[in-house]
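Below is one structure, written out as structure tokens; the observations come after it.
Residue numbers (this note's numbering): 1 to 191.
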């Protein structure tokens, strides 16, 4: 069997390139390049800033001050109690409001069409006021009611004073059980 000499291998690669890999330069530069690449990769990682009820009040306030006069996404989810004389109350959590409660006054004289007012109250007492209109579908054979209300924010107190915006409320209730769920999805503009 015929073997190639190192001179013939060096003809396939430029002499400078061949000497880089055969000497001690490659391990030194490889380590430096590897460390630099690792540092760039680590420094480019960042966390997303979520604006939900898990943030502290200072973080929420800071994000709200930055977004004054801009529509801020608003989402909330509540568990409702059994309705009493056209009033529904619930507790839950939402963006901008954190842990909060809501109270809904309903005029169902034109049932299944609904009109009324709602108040969302944050843990520190700030409130959001809204009016709504919507409708009820059901109950189905299992007693399930589907309620959709279109809400217009008319103002508030504290950090929500002079707030405006809109949100849709989707509720699921069952005439056989005292509790239900409602979700809000829309936006709030702070002034």
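Beta carbons are placed, not taken as given, at the ideal position from N, Cα and C, and that holds for glycine.
Secondary structure remark: continuous beta strand (DSSP E) runs of at least 3 residues inside the region 74–123, in chain order: 87–94, 98–107 and 113–122. According to the DSSP secondary-structure assignment, residue 149 is paired through a beta bridge with 134 and 169. Residue 158 sits in a helix when the DSSP states are folded into three classes. Between the alpha carbons of residue 100 and residue 142 lies a distance of about 30 angstroms. In this structure, residue 105 sits away from residue 92, with a CB-CB distance that is not shorter than 8 angstroms.
Around residue 80, the same chain offers 88, 89, 90, 171, 173, 179, 180, 181 and 182 as residues with beta carbons nearer than 8 angstroms, after the five sequence neighbours per side are excluded.
Here the alpha carbons of residue 78 and residue 127 stand approximately 16 angstroms from one another.
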